[in-house]
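In what follows, a structure is listed as structure tokens, so that the remarks can point back to it.
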Amino acid sequence: MRYRTNRRTGDQISEIGLGSAYIYKADHDEAVRTLRHAFSNGINYFDLAAGDASAFPLYGEAFADVRDRVIYQIHFGADYSAGEYGWSLDLDTIRKSVAWQLEQLHTDYIDYGFIHCQDEDSDWETYKKNGILDYILELKKKGIVRHIGLSSHTPSVIMHILDEVKVDMLMFSVNPAYDYGQGEFAFGADAERRAVYERCEKDGIGISVMKPFCAGQLLDADQSPFGIALTPYQCIRYALDKPGVLCVLPGAQSVQEVDTLLAYEKQKEEDLDYSMIAEYTPKESAGKCVYCNHCRPCPMGIDIGLVNKYYDLAKAGDELAVTHYRTLEKNADDCIKCGHCDSRCPFHVHQSARMSEIAEWFAKK
Ligand code: SF4
Ligand code: SF4
């Protein structure tokens, strides 16, 4: 398993994590075995916006003895008093729900306490007015909440909240369908979504990814907005290529499904290539590098995707990206304008010209 560091908190987070929307559907023993199997194979990051209350005792049973080695996202706004998941903006309901979740999980602390599911500015105003943010901050002061998280599907709302609260982890819906304006939660234009990724990378806020398969639609040609099926591995790579992203959180309800996810770590590079989606690129995104590296190999050994990522981040004000760019063994200065990448890029990026632009920009920096 490969791990990525949350620069805000220092946590080492497995790039494959687990969501908990469906685990309750498995039979009890298989569910506990599934969670334990994930942990034994290096998965250490778990989201607990569960689909049903019955998920919590399963986690409690699976991880009570290794609690200090697993990292939980717990959501202030998820209510399980009716048995299944419900969304709440009521402080008293949330207090009771969080206390109940901690009891079921056999723990007395929360790694990431999440401001839960804020998709509208009005939700956020109510959240604050009802004292829920203050409650999270009070628990943080007491050391019960270690770090603050935020989950949302809406770029504009995310930006407002990041302006107001020191968030350490964002849970965001990242997949090619939403980035290309397709699907139920395709909120925000391409530029707004890119701005979220870049801000998180710049500020060291980690992103954990919900809905990496667009609720399974991207894996099925009949349901996919692109009319083609992607593999889970192409979707995972797509999300992990985005600036700021630390891990993906797909669901699993069996040992076998966990094994399928773990196999991502062993895939060949060519099997992770998702550049076939280029055909469906919306007009406003055409000609923009998505860092996929489909255009490799560069005869000069330039990591084209990485050079472009650092450039975009540096232009967005990320000083660390400037430092990273300068430490690359090969950068835009090494480009000989052979044109290989231009002919290979399915996203219509005129990359050789972009390399000149990049070299010039960093020379002036
Ligand atoms: S230039 Fe095109 S193929 Fe190369 S990394 Fe960028 S988007 Fe991918
Ligand atoms: S044009 Fe430059 S970046 Fe592209 S393949 Fe040739 S040398 Fe590499």
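Number 1143 in the working numbering belongs to position 219 of the sequence shown; there are no gaps in the numbering. Backbone N, C-alpha and C fix where the C-beta goes; we use that ideal spot for every residue, glycine too. Keep in mind the model is a prediction, meaning the values are calculated, not measured.
1. Can you check whether the CB of residue 1148 is closer than 9 Å to the CB of residue 1101?
2. For ligand 2, I want to know if residue 1035 counts as a neighbour, meaning its beta carbon is within less than 8 Å of at least one of the ligand's heavy atoms.
3. What are the start and end residues of the beta strand (DSSP E) that includes residue 1074?
4. Is residue 1194 helix, strand or coil when you go by DSSP?
5. Just checking my contact of residue 1264 with residue 1211 at CB under 8 Å: how many whole Å lie between their CB atoms?
6. Under 7 Å, CB to any heavy atom of ligand 1. Which residues pass, going along the chain?
7. Does the beta-carbon of residue 925 have 16 or more other beta-carbons within 10 angstroms, so that it is buried, or is it exposed?
8. Going straight from the alpha carbon of residue 1244 to that of residue 1066, what length do you get?
9. Do three or more CB pairs link the segment 1082-1096 to the segment 1119-1131 at distances below 8 Å?
10. Is it the case that the segment 1142-1158 contacts the segment 1112-1119, given that we only count it when at least three CB pairs across the two stretches are under 8 Å?
11. Any idea if residue 1299 is buried or exposed, counting beta-carbon neighbours within 10 angstroms, 16 or more meaning buried?
12. Taking C-alpha atoms, which residue in 976, 1233 and 983 lies nearest to residue 1247?
13. Report the residue from 1268, 1026, 1261 and 1269 whose alpha carbon sits nearest the alpha carbon of residue 1281.
14. Run the proximity test for residue 1083: is its beta-carbon closer than 8 Å to any non-hydrogen atom belonging to ligand 2?
15. Of the residues 1002, 1121 and 1072, which one's Cα is nearest the Cα of residue 1034?
16. What does the Cβ neighbour count give for residue 1078, buried or exposed, with the cut at 16 atoms within 10 Å?
17. Distance check for residue 1227 and residue 1026, CA to CA, integer angstroms please.
18. Return yes when the Cβ of residue 1140 is within less than 9 Å of the Cβ of residue 945, no when it is not.
19. To which residues of the same chain is residue 1205 closer than 8 Å at the C-beta, ignoring the five residues directly before and after it?
20. Could you tell me whether any non-hydrogen atom of ligand 2 is closer than 8 Å to the CB of residue 866?
21. Are residue 976 and residue 942 touching if we call contact CB-CB under 9 Å?
22. Between residue 1257 and ligand 2, is there a pair consisting of the residue's CB and a ligand heavy atom that are separated by less than 8 Å?
23. Flag residue 1263 as yes when its Cβ comes closer than 8 Å to any non-hydrogen atom of ligand 2, and as no otherwise.
24. Let me make sure I understand the geometry here. Which of 1179, 1222 and 1241 has the alpha-carbon closest to that of residue 962?
So, to answer that:
1. yes
2. no
3. 1069-1076
4. helix
5. About 18 Å; that fails the 8 Å criterion.
6. 1199, 1213, 1214, 1215, 1216, 1217, 1218, 1219, 1228, 1229, 1232, 1265, 1268, 1269, 1270, 1271, 1273 and 1275
7. exposed
8. 32 Å
9. yes
10. no
11. Nothing about residue 1299 can be reported from this structure: the residues present for the chain run from 925 to 1289 only.
12. 1233
13. 1261
14. no
15. 1072
16. buried
17. 45 Å
18. no
19. 1104, 1271 and 1272
20. Absent from the structure is residue 866, since the part of the chain shown begins at 925 and ends at 1289.
21. no
22. no
23. yes
24. 1179
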